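What follows is a short report on a single structure.
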Amino acid sequence: MNDFLPLLYLKGISTNDFTETLAPIFGNDAKNLSPGVISRLKTKWEGEYESWRKRSLKGKRYVYFWADGIHLQARMEDSAECVLVIIGVNEFGNKELLAIEAGHRESKASWLCLLQDIKQRGLKQAPELAVGDGALGFWGALTEVYGDTKHQRCWFHKMGNVLDKLPKSVNSAAKNQLQDIWMAPTRDEAYRAFDHFIKLYEAKYPKATDCLLKDKEELLAFYDFPAEHWVHIRTTNPIESTFASVRHRTYKSKGAFSRTTILTMVFKLCDNAEKHWRRLRGFNYLADVIRGVKFVNGVRQEVKNGSGNAGVAA
Numbered sequence: 000m001n002d003f004l005p006l007l008y009l010k011g012i013s014t015n016d017f018t019e020t021l022a023p024i025f026g027n028d029a030k031n032l033s034p035g036v037i038s039r040l041k042t043k044w045e046g047e048y049e050s051w052r053k054r055s056l057k058g059k060r061y062v063y064f065w066a067d068g069i070h071l072q073a074r075m076e077d078s079a080e081c082v083l084v085i086i087g088v089n090e091f092g093n094k095e096l097l098a099i100e101a102g103h104r105e106s107k108a109s110w111l112c113l114l115q116d117i118k119q120r121g122l123k124q125a126p127e128l129a130v131g132d133g134a135l136g137f138w139g140a141l142t143e144v145y146g147d148t149k150h151q152r153c154w155f156h157k158m159g160n161v162l163d164k165l166p167k168s169v170n171s172a173a174k175n176q177l178q179d180i181w182m183a184p185t186r187d188e189a190y191r192a193f194d195h196f197i198k199l200y201e202a203k204y205p206k207a208t209d210c211l212l213k214d215k216e217e218l219l220a221f222y223d224f225p226a227e228h229w230v231h232i233r234t235t236n237p238i239e240s241t242f243a244s245v246r247h248r249t250y251k252s253k254g255a256f257s258r259t260t261i262l263t264m265v266f267k268l269c270d271n272a273e274k275h276w277r278r279l280r281g282f283n284y285l286a287d288v289i290r291g292v293k294f295v296n297g298v299r300q301e302v303k304n305g306s307g308n309a310g311v312a313a
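In numbering that gives the first Met the number 0, the protein residues as written are 0 to 313.
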């Protein structure tokens with residue numbers, strides 16, 4: 000039920016129509032969903048969201064951030080706004096919903112407000128790596144609030160942006176060539192595949208190659224982290240997969256929702272989804288990442304101990 004009701008709100012269903020809409024699914028139980036009951040439940044959820052967004056983050060530690068600005072088909076009163084989302088992975092490898100706020104995707108000011116609020120509520124330690132689309136205002140804000148965090152551009156977004164600047168006739172080949180870059184086992188091999196792509200397309204399609212070139216190093220930051228984590232940190236998939244069903248199962252209604260309603264319903268959908276998120280693969284390496292152990296091409300490097308003898312970093 001907790002999955003259906005937020006979706007019905009985002010689909011623009013009136014509280015008076017909830018019983019009729021849910022009757023084929025829940026049968027006689029749907030009769031208990033009177034407009035009054037739905038209204039009280041909505042008020043309760045709004046309180047839960049408000050408490051959650053003000054919760055203390057003191058003592059929390061997140062190793063990775065995934066950030067994105069999500070435009071839903073169900074829109075807010077300020078149609079230019081979207082839902083800003085951050086998911087973090089803690090030191091034990093568990094993904095957690097960290098922030099959901101309304102704002103402007105490309106606005107540094109929107110993301111700065113969000114990140115400063117997170118820090119003021121106790122999250123003092125910077126994440127080791129943040130993953131997101133290059134178009135986000137998030138990056139300027141991140142540098143200001145958590146200056147030591149490394150940046151990883153999302154390959155899902157980047158491939159889409161590059162392919163959009165190429166004719167459809169070469170999209171299939173170009174997609175495979177882009178995959179050759181981020182699937183390369185070493186940074187040097189990725190550089191070679193990168194240069195090959197640029198040489199193939201820069202003369203005829205400079206907008207596509209310029210789009211790829213501008214984030215070259217940020218696209219390959221994952222090579223400095225455990226190879227077991229690459230599948231997680233090359234893209235913003237934790238956010239994309241969570242919001243995929245919400246995007247596909249909502250539509251633009253004739254009216255617009257209040258900011259509070261949108262954020263509350265998205266919070267409930269994400270809160271329910273979080274219960275099914277899987278632990279990070281290779282989570283045992285997170286302690287090494289936190290301690291600053293060096294990884295080269297995803298492989299943990301040996302360091303010399305105090306006696307001068309070679310030993311594996313502990």
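For glycine and all other residues, C-beta sits at the position ideal for the given N, C-alpha and C.
Being a predicted model, the structure only gives us computed values, none of them experimental.
Check whether the Cβ atoms of residue i and residue j lie closer than 9 Å to each other.
| i | j | result |
| --- | --- | --- |
| Lys315 | Gly133 | The requested residue 315 is not part of the displayed model; the chain covers only 0 to 313. |
| Ala173 | Tyr190 | no |
| Arg176 | Ala202 | According to the sequence provided, residue 176 is Gln. The question's Arg does not apply to it. Result no, Cβ atoms of Gln176 and Ala202 do not sit closer than 9 Å. |
| His103 | Gly139 | no |
| Gly131 | Ala66 | yes |
| Glu80 | Ala101 | yes |
| Gln115 | Val88 | no |
| Leu71 | Phe242 | yes |
| Phe314 | Glu239 | It is not possible to answer for residue 314, since the shown part of the chain is limited to 0 through 313. |
| Leu218 | Ile197 | no |
| Phe266 | Trp44 | yes |
| Tyr320 | His195 | For residue 320 there is no data in the structure shown, the boundaries of the chain being 0 and 313. |
| Gln124 | Arg54 | no |
Give the secondary structure of residue i by DSSP, where H, G and I count as helix, E and B as strand, and everything else as coil.
| i | result |
| --- | --- |
| Ala312 | Because Ala312 sits at a pLDDT of 44, beneath the cut-off of 50, its placement in the model cannot be relied upon, and the following sentence gives the value as read from the coordinates. Coil. |
| Asp67 | strand |
| Lys123 | coil |
| Leu114 | helix |
| Ala101 | strand |
| Gln151 | strand |
| Lys94 | strand |
| Ala134 | coil |
| Leu262 | helix |
| Val298 | strand |
| Leu268 | helix |
| Val288 | helix |
| Gly46 | helix |
| Ala220 | helix |
| Lys251 | Confidence at Lys251 is low in this model, with a pLDDT of 49, below 50, so its placement is unreliable and the value that follows should be read with caution. Residue state, collapsed to three classes: coil. |
| Leu323 | Not covered by the structure: residue 323. The range shown for the chain is 0 to 313. |
| Leu83 | strand |
Between the options, which has its C-alpha nearest residue i's C-alpha?
| i | options | result |
| --- | --- | --- |
| Gln151 | Val169, Leu128 and Gly159 | Leu128 |
| Ala108 | Leu83, Leu96 and Gly87 | Leu83 |
| Ala286 | Thr259, Lys149, Thr208 and Pro126 | Pro126 |
| Asp270 | Arg39, Ser38, Tyr48 and Leu40 | Tyr48 |
| Ile289 | Ser38, Lys149 and Arg52 | Lys149 |
| Arg52 | Leu262, Arg299, Tyr63 and Ala272 | Leu262 |
| Gln300 | Glu239, Ala226, Phe155 and Glu273 | Ala226 |
| Phe64 | Lys213, Glu45 and Leu96 | Leu96 |
| Phe282 | Asn170, His195, Glu273 and Ile232 | Ile232 |
| Asn317 | Val169, Gln124, Ile86 and Leu141 | Lying before the first or after the last residue shown, residue 317 is absent from the chain, which here runs from 0 to 313. |
| Gly291 | Val62, Arg54, Arg39 and Leu40 | Val62 |
| Arg258 | Ser38, Arg39, Gly46 and Ser78 | Ser78 |
| Cys342 | Gly46, Gly146, Gln178 and Ser50 | The structure shown has nothing for residue 342, since the chain only spans 0 to 313. |
| Glu188 | Arg60, Asn296 and Ser38 | Asn296 |
| Lys41 | Ser106, Ala272 and Thr260 | Thr260 |
| Val169 | Ala272, Ala207, Asp214 and Lys59 | Ala207 |
For chain C, check one thing: does any of its Cβ atoms lie closer than 9 Å to the Cβ of residue i?
| i | result |
| --- | --- |
| Thr208 | No chain C appears in the structure shown, which is made up of a single protein chain. |
Considering only heavy atoms of the ligand NAD, does any lie closer than 8 Å to the CB of residue i?
| i | result |
| --- | --- |
| Asp270 | Looking at this structure, you won't find the ligand NAD or any other ligand, since it has none at all. |
Quick check: the segment 212 to 228 against the segment 181 to 198, are there 3 or more CB pairs under 8 Å?
yes
I want to know whether the segment 162 to 178 touches the segment 114 to 125 - three or more CB-CB distances under 8 Å.
no
For the pair the segment 85 to 102 and the segment 273 to 285, tell me if three or more CB-CB distances fall below 8 Å.
yes
Ignoring anything shorter than 4 residues, give me the alpha helix (DSSP H) runs that lie fully in the segment 137 to 216, in order along the chain.
137 to 144, 154 to 162, 167 to 181, 186 to 200 and 205 to 212
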